[in-house]
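In our numbering, the protein residues as written are 8 to 384.
Cβ atoms here follow ideal geometry from the backbone N, Cα and C, with glycine treated the same way.
It should be emphasised that the depicted structure is a prediction, and the values quoted were computed from it without experimental measurement.
What follows is a set of notes on a single structure, which appears directly below.
Take a look at the structure:
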């Protein structure tokens, strides 16, 4: 498998960019916009059209393509995360506090907390003498990623190993995620019939009462890429790194260095979501990763299915072009001064291609889609 993926990487790397720069690229440069873009044949890896394909630019959310493929390949699509619930259960009552040990489950929503309460009741829990308490020791104390300070505050979520509802309250990011988690858990447990008395309580002799499982990784990755969920991918990246962002990023970089021969200079990232403007990727790097996923029988179908499709599904895309319906599978990205897209497209003659476009500067979404539509035609 490693030999096969390295061959994919080497094949793409040996093809030089087009000698005649496309008019689209020249128009971007004339407007002061830096560009890196390319279209490759999926079967042969041949570069069919390109503009500065090796130029490293800020990729925004197309970074998620690299992080989610590395996670799928390493952990496998069936991988689940366990949130452990501990307490000193005596005859249906937890004598002390009910302790939840966070492990990085990014999908602990109110609906799933209700399921957790049902599972606790099935194990005989009817009351908690003390409080609902959180154990956040699985991650280090860094709550925000490096390079996020220049990004919109409503897109930069605090990341803790036990977080609920994506650390949002009525759609807005919260500044006290532990309070949100404690209050939400307590309220739902009480509503579902588990009394939480909140009395001062000693430690007692707690034991593991429940291991509550997250949805499988395939489902998490689908939500991450279709909804571009920054919180979810950063939770997984920190778990991937044993609780630290730096190590999670190193794990991703190590994956691409080993599997595809793409060193840290090619996968120059500081997070997994693309929120950081310190990230740098080229169109070629994104294409290499996508083509590897396309040819990966083990996890490729899950990775490809996680991308948005033009037409045919409810995930919102600004582009609604009937001519592109179900012919483009894409991950888009946007930050201030950045528009990007990468994925797969089928031309009118039925041939499949991999593409990537990165624009940095005073650009617009239409600049990206104009070129995608030109390629698809």
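Q: Can you have a look at residue 129 and say buried or exposed, based on whether 16 or more other CB atoms are within 10 angstroms of its CB?
A: Locating residue 129 in the chain shown gives position 122, counting from the first residue. So residue 129 ends up on the exposed side.
Q) residue 260: buried (16+ other C-beta within 10 angstroms of its C-beta) or exposed? A) As a first step, residue 260 must be located in the chain shown, where it is residue number 253. When all chains shown are included, residue 260 counts as buried.
Q: Please report how far the alpha carbon of residue 63 lies from the alpha carbon of residue 282, in whole angstroms.
A: Counting from 1 along the chain shown, the entry for residue 63 is found at position 56. Counting from 1 along the chain shown, the entry for residue 282 is found at position 275. Between residue 63 and residue 282, the C-alpha separation is close to 16 Å.
Q.
Quick check: the Cα distance between residue 49 and residue 362, rounded to an integer number of angstroms?
A. Here residue 49 is taken as the residue at index 42 of the chain shown, counted from 1. Here residue 362 is taken as the residue at index 355 of the chain shown, counted from 1. Rounded to whole angstroms, the separation of the alpha carbons of residue 362 and residue 49 is 9 Å.
Q | Classification of residue 278 by the beta-carbon crowding that lies within 10 angstroms, buried from 16 upward | A | As a working note, residue 278 is residue 271 in the chain shown. When all chains shown are included, residue 278 counts as buried.
Q) Should the segment 257-275 be called in touch with the segment 283-301, which here means at least 3 C-beta pairs below 8 Å? A) The segment 257-275 makes contact with the segment 283-301: 3 or more CB pairs, one atom from each, lie closer than 8 Å.
(Q) I'd like to confirm the pairing. Which residues does DSSP put opposite residue 103 in its beta bridges? (A) Position 96 of the chain shown holds residue 103. Bridge partners of residue 103: none, in fact.
Q. How about residue 74 and residue 240: do their beta carbons lie closer than 9 Å?
A. Stepping through the chain shown from its first residue, residue 74 is reached at position 67. Stepping through the chain shown from its first residue, residue 240 is reached at position 233. Closer than 9 Å, so yes.
(Q) Which complete beta strand (DSSP E) runs does the segment 302-349 hold, if anything under 3 residues is left out? (A) For secondary structure counted as the beta strand (DSSP E) over 3 or more consecutive residues, the segment 302-349 holds these complete runs in sequence order: 335-342.
Q) Does the distance from the C-beta atom of residue 102 to that of residue 138 stay below 9 Å? A) Here residue 102 corresponds to residue number 95 of the chain shown, with the count starting at 1. Here residue 138 corresponds to residue number 131 of the chain shown, with the count starting at 1. With contacts defined as CB atoms closer than 9 Å, residue 102 and residue 138 fail to qualify as a contacting pair.
Q) For residue 318, which residues from the same chain have a beta carbon less than 6 Å from its beta carbon, with the 5 sequence-adjacent residues on both sides left out? A) Taking the first residue of the chain shown as 1, we reach residue 318 at position 311. 332, 333, listed in sequence order.
Q | Limits of the unbroken alpha helix (DSSP H) element including residue 246 | A | Against the chain shown, residue 246 aligns to sequence position 239. For residue 246, the uninterrupted alpha helix (DSSP H) segment begins and ends at 237-247.
Q: With residue 77 as the anchor, note down where its alpha helix (DSSP H) starts and where it stops.
A: Here residue 77 is taken as the residue at index 70 of the chain shown, counted from 1. Residues 70-82.
**Q.** DSSP state of residue 382 mapped onto helix, strand, coil
**A.** The residue you call residue 382 lines up with position 375 of the chain shown. Note: residue 382 maps to helix in three-state DSSP.
Q. Apart from the five residues just before and just after residue 157, which ones in its own chain have a Cβ nearer than 7 Å to its Cβ?
A. The count along the chain shown starts at 1 and reaches residue 157 at position 150. Around residue 157: 284.
Q. Within the chosen definition, does the segment 52-69 reach the segment 166-185 through at least 3 CB pairs nearer than 8 Å?
A. Counting Cβ pairs under 8 Å, fewer than three are found: no touch.
Q. Hey, residue 104 and residue 208: beta-carbon distance below 9 Å or not?
A. Taking the first residue of the chain shown as position 1, residue 104 is located at position 97. Taking the first residue of the chain shown as position 1, residue 208 is located at position 201. Yes. Within cutoff.
**Q.** For residue 232 and residue 133, the rounded distance between their alpha carbons
**A.** On the chain shown, position 126 is the one that residue 133 refers to. On the chain shown, position 225 is the one that residue 232 refers to. Note on geometry: alpha-carbon atoms of residue 133 and residue 232 lie some 39 Å from one another.
Q) Which one or two residues does DSSP pair with residue 367 in a beta bridge? A) Mapped onto the chain shown, residue 367 falls at position 360. According to DSSP, residue 367 bridges with 41, 345.
(Q) Quick check on this structure: which residue in 267, 193, 90 has the alpha carbon closest to the alpha carbon of residue 205? (A) Counting from one through the chain shown, the residue named residue 205 turns up at place 198. Closest option to residue 205, Cα to Cα, is 193.
Q | Enclosing beta strand (DSSP E) for residue 128 [first to last residue] | A | On the chain shown, residue 128 is found 121 positions in, with the first residue counted as 1. No beta strand (DSSP E) contains residue 128, which is instead part of the alpha helix (DSSP H) from 117-129.
**Q.** Residues sharing a beta bridge with residue 64, DSSP
**A.** Your numbering for residue 64 matches position 57 in the chain shown. BP columns for residue 64 point to 288.
Q. Excluding the five sequence neighbours on either side, which residues of its own chain have a C-beta within less than 8 Å of the C-beta of residue 200, listed in chain order?
A. For this step, residue 200 is matched to residue 193 along the chain shown. The beta carbon of residue 200 is closer than 8 Å to those of 124, 128, 133 in its chain, skipping five residues each way along the sequence.
(Q) Using a Cβ distance threshold of 8 Å, determine whether the segment 104-123 contacts the segment 87-94, with at least three qualifying pairs required. (A) Counting C-beta pairs closer than 8 Å gives three or more between the segment 104-123 and the segment 87-94, which meets the contact rule.
Q: Using the Cα positions of residue 216 and residue 190, report the straight-line distance between them to the nearest angstrom.
A: For the purposes of this step, residue 216 is taken as residue 209 along the chain shown, with counting starting at 1. For the purposes of this step, residue 190 is taken as residue 183 along the chain shown, with counting starting at 1. So the alpha carbons of these two residues sit roughly 21 Å apart.
(Q) Pop quiz: residue 93 and residue 106 are said to be a contact at Cβ under 8 Å. What is the actual Cβ separation, rounded to whole angstroms? (A) Along the chain shown, read from residue 1 onward, the residue named residue 93 stands at position 86. Along the chain shown, read from residue 1 onward, the residue named residue 106 stands at position 99. About 4 Å separates the two Cβ atoms, so the contact holds.
Q: For residue 100, collect the residues of the same chain with a Cβ closer than 7 Å to its Cβ; drop the 5 residues on either side in sequence, then sort them by chain order.
A: Counting from one through the chain shown, the residue named residue 100 turns up at place 93. Excluding sequence positions up to five before and after residue 100, its CB lies within less than 7 Å of the CB of 133, 134, 136, all in the same chain and listed in chain order.
Q.
Distance check for residue 348 and residue 373, CA to CA, integer angstroms please.
A. In the chain shown, the residue the question calls residue 373 occupies position 366. In the chain shown, the residue the question calls residue 348 occupies position 341. Taking the straight line joining both Cα atoms gives about 11 Å.
Q) Nearest-angstrom Cα distance between residue 185 and residue 147? A) Residue numbering aside, residue 185 sits at position 178 when the chain shown is read from its first letter. Residue numbering aside, residue 147 sits at position 140 when the chain shown is read from its first letter. Distance between the alpha carbons of residue 185 and residue 147 is about 15 Å.
Q) Whole-angstrom Cβ separation of residue 1 and residue 369, contact assumed at under 8 Å? A) This structure gives no information on residue 1, because the portion of the chain shown stretches from 8 to 384.
**Q.** Residue range of the alpha helix (DSSP H) that includes residue 229
**A.** Locating residue 229 in the chain shown gives position 222, counting from the first residue. Counting along the chain, the alpha helix (DSSP H) containing residue 229 begins and ends at 224-234.
**Q.** Opening and closing residue of the beta strand (DSSP E) in which residue 217 lies
**A.** What you label residue 217 is simply residue 210 of the chain shown in a count that begins at 1. Start and end: 214-220.
Q: State the DSSP-derived secondary structure class of residue 146, mapped to helix, strand or coil.
A: Against the chain shown, residue 146 aligns to sequence position 139. DSSP places residue 146 outside both helix and strand once states are collapsed to three, so it counts as coil.
Q) Taking the alpha carbon of residue 227 as the point to measure from, which residue in 85, 45, 291 has its own alpha carbon closest? A) Position 220 of the chain shown, counting from 1, holds the residue named residue 227. The shortest Cα separation from residue 227 among 85, 45, 291 belongs to 85.
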